[in-house]
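Undergrad: One structure, as structure tokens, below. Some questions next.
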Amino acid sequence: MQISHEAIYLSLYDPRRRQAIDRSLTQRLRSGRPMRRPKLARRPTGRGIIRGMVSISARPAEVEDRKVPGHWEGDL
Numbered sequence: 234m235q236i237s238h239e240a241i242y243l244s245l246y247d248p249r250r251r252q253a254i255d256r257s258l259t260q261r262l263r264s265g266r267p268m269r270r271p272k273l274a275r276r277p278t279g280r281g282i283i284r285g286m287v288s289i290s291a292r293p294a295e296v297e298d299r300k301v302p303g304h305w306e307g308d309l
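In structure tokens, the structure reads:
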């Protein structure tokens, strides 16, 4: 008989069975957490957020002329 690791974790994290499962089993899990948190409940990590970013609408007017090579989008 074969069983996937995801099936094991789903059975351990099932809220209907949480009282029936011994806490020592969840402590032996690789993560050691007693239960999973939904994605929406997780705290944002701040990754992907650029601090001090200047909006594209706040660019100087001379950038729109594109006369200077550094102001072009496809510079190499």
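Going from the sequence shown to this note's numbering is simple: count from 1 and add 233. Ideal placement from N, C-alpha and C gives every residue a C-beta, glycine not left out.
Helix, strand or coil: how does DSSP classify PRO293 here?
TA: For this step, residue 293 is matched to residue 60 along the sequence shown. Looking at PRO293 - three-state DSSP - the assignment turns out to be coil, as it is neither helix nor strand.
Undergrad: Under a three-way DSSP split, which group does SER237 fall into?
TA: Here residue 237 corresponds to residue number 4 of the sequence shown, with the count starting at 1. Residue state, collapsed to three classes: coil.
Undergrad: What did DSSP end up calling ASP298 once you bin it into helix, strand or coil?
TA: Within the sequence shown, numbered from 1, the residue matching residue 298 stands at position 65. If DSSP states are grouped into helix, strand and coil, ASP298 belongs with the helices.
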